[in-house]
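Taken in order, the sequence shown gives residues 89 to 404; the numbers are from the numbering used here.
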Amino acid sequence: MRKIDIIVPCFNEGQVLNLFFDETVKVISEIKEYDFEILFIDDGSSDNTIDILKQFASENDFVRYISFSRNFGKESAMYAGLKNSKGNYAVLLDADLQHPPALIPEMIKAMEEGFDCCCANRAGREKDSKILNFFKRRFYRLINKISEVNMPDGAGDFRMMNRKMINAVIAMSEVQRFSKGIFSWVGFKTRWISFENVERAAGETKWSFWKLFKYALDGITAFSTAPLKIASVLGIFISISAFIYLIFIIVKTLAFGIDAPGYASIIAILLFIGGIITFSCGILGEYIAKIYMEVKNRPVYIIRDSNIEDERDDYR
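Put into structure tokens, the structure is as follows:
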């Protein structure tokens, strides 16, 4: 019998875990053609998340868990789940029930039709703030214009993948991970289904505007070199403009003599050029920082506790 692993990243989800578990078990218990295993990844929670996961594991032999030594982030948690997945298929599912487990049967149907991946995207963002929606849509427009991969608006982490795609994703073991881009970059035949955006069943979101902004910057620098090209173009433009201005000053001096006034214009030009140089250095700094973190070759995550025998006290 084929097996499906349900991978659930958790960070301080103690208030919602019981609701999530009951809902998920209700769905998978009606699917008789597959064996299911639920793999919870505790991303260094400070509440009672790990205690609840241990209780689930002690009462259900289809529950596994991995607990990180600290909070490494959702990207690391998803990577850990995929790396420890052993099934024919794997589903990435949030614990807050914003990813409806009821869509799992439809995802299975898509896989049985020959798709390598079935991804669920939100049909609308009415429950999000207008400002947040504005920036999210602009981000997807921007990233799709400047990168070589296509990331559909609303596409998230909620998806089912077959073993070939799972292996391709975990083969990209970079520390600075942006899974939305990785899923698109590896390719494979994908079926898209939509679902209505729902609020969290309990608890509070872990994503602030600032965290989303930094995540967007990570995505841009991870899958596009356009910012570097923009800095180069600005440098060329300023150099050409400075050369033209130099010719203009020489001609003007030869024709009319030395013009003493011009302090304000010189200061404005210097500030403008200085701003561009600082901006360009900032862009270079972002990419150099990425290189710096990758060449350290630090583990993507560190395991503190697990009920998977070969994953205890491990570095990844």
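For every residue, glycine included, the Cβ atom is placed at its ideal position computed from N, Cα and C.
{"Asked": "Inter-residue Cα distance where the pair is residue 370 and residue 315", "Found": "10 Å"}
{"Asked": "CA-to-CA distance, residue 326 to residue 366, given in whole angstroms", "Found": "14 Å"}
{"Asked": "For residue 93, three-class secondary structure by DSSP", "Found": "strand"}
{"Asked": "Rounded separation between residue 376 and residue 384 - CA only", "Found": "12 Å"}
{"Asked": "According to DSSP, residues forming a beta bridge with residue 130", "Found": "98 and 155"}
{"Asked": "Residue span of the beta strand (DSSP E) that contains residue 122, given as start and end", "Found": "No beta strand (DSSP E) holds residue 122; DSSP gives it neither H nor E."}
{"Asked": "Cβ shell of residue 133 (< 6 Å), same chain only, five flanking positions each side left out", "Found": "99 and 100"}
{"Asked": "Which listed residue (275, 244, 269 and 124) has its alpha carbon closest to that of residue 252", "Found": "275"}
{"Asked": "Through-space distance from residue 364 to residue 262, alpha-carbon basis", "Found": "31 Å"}
{"Asked": "Member of 390, 173 and 283 whose CA lies at the smallest distance from the CA of residue 158", "Found": "390"}
{"Asked": "Alpha carbon of residue 167 to alpha carbon of residue 335, nearest angstrom", "Found": "57 Å"}
{"Asked": "Proximity below 8 Å, CB of residue 152 to CB of residue 396", "Found": "yes"}
{"Asked": "Reduced DSSP secondary structure (H/G/I, E/B, other) of residue 208", "Found": "strand"}
{"Asked": "When 249, 268 and 324 are compared against residue 278, the one with the closest alpha-carbon", "Found": "249"}
{"Asked": "Euclidean distance between Cα positions of residue 320 and residue 357", "Found": "19 Å"}
{"Asked": "Anticipated Cβ contact below 8 Å, residue 238 with residue 272, distance rounded", "Found": "6 Å"}
{"Asked": "Through-space distance from residue 112 to residue 210, alpha-carbon basis", "Found": "19 Å"}
{"Asked": "From 332, 333 and 361, residue whose alpha carbon lies closest to that of residue 322", "Found": "361"}
{"Asked": "Limits of the beta strand (DSSP E) - the one that residue 283 falls within", "Found": "278–283"}
{"Asked": "Which listed residue (265, 257, 194 and 343) has its alpha carbon closest to that of residue 280", "Found": "194"}
{"Asked": "DSSP state of residue 385 mapped onto helix, strand, coil", "Found": "coil"}
{"Asked": "Proximity winner among 106, 142, 160 and 266, relative to residue 386 (alpha-carbon distances)", "Found": "160"}
{"Asked": "8 Å Cβ cutoff met for residue 94 and residue 130", "Found": "no"}
{"Asked": "Rounded C-alpha distance that separates residue 264 from residue 258", "Found": "13 Å"}
{"Asked": "Burial state of residue 173, where buried means 16 or more other Cβ atoms lie within 10 Å", "Found": "buried"}
{"Asked": "Residue from 339, 368, 343 and 91 with nearest C-alpha to residue 317", "Found": "368"}
{"Asked": "Inter-residue spacing [alpha-carbon to alpha-carbon] between residue 137 and residue 329", "Found": "60 Å"}
{"Asked": "Contact set for residue 208: own chain, Cβ-Cβ below 6 Å, skip 5 residues either direction", "Found": "191, 246, 281 and 283"}
{"Asked": "Spatial distance of residue 179 from residue 124 (CA atoms)", "Found": "10 Å"}
{"Asked": "Whole-angstrom distance between residue 96 and residue 127, CA atom to CA atom", "Found": "6 Å"}
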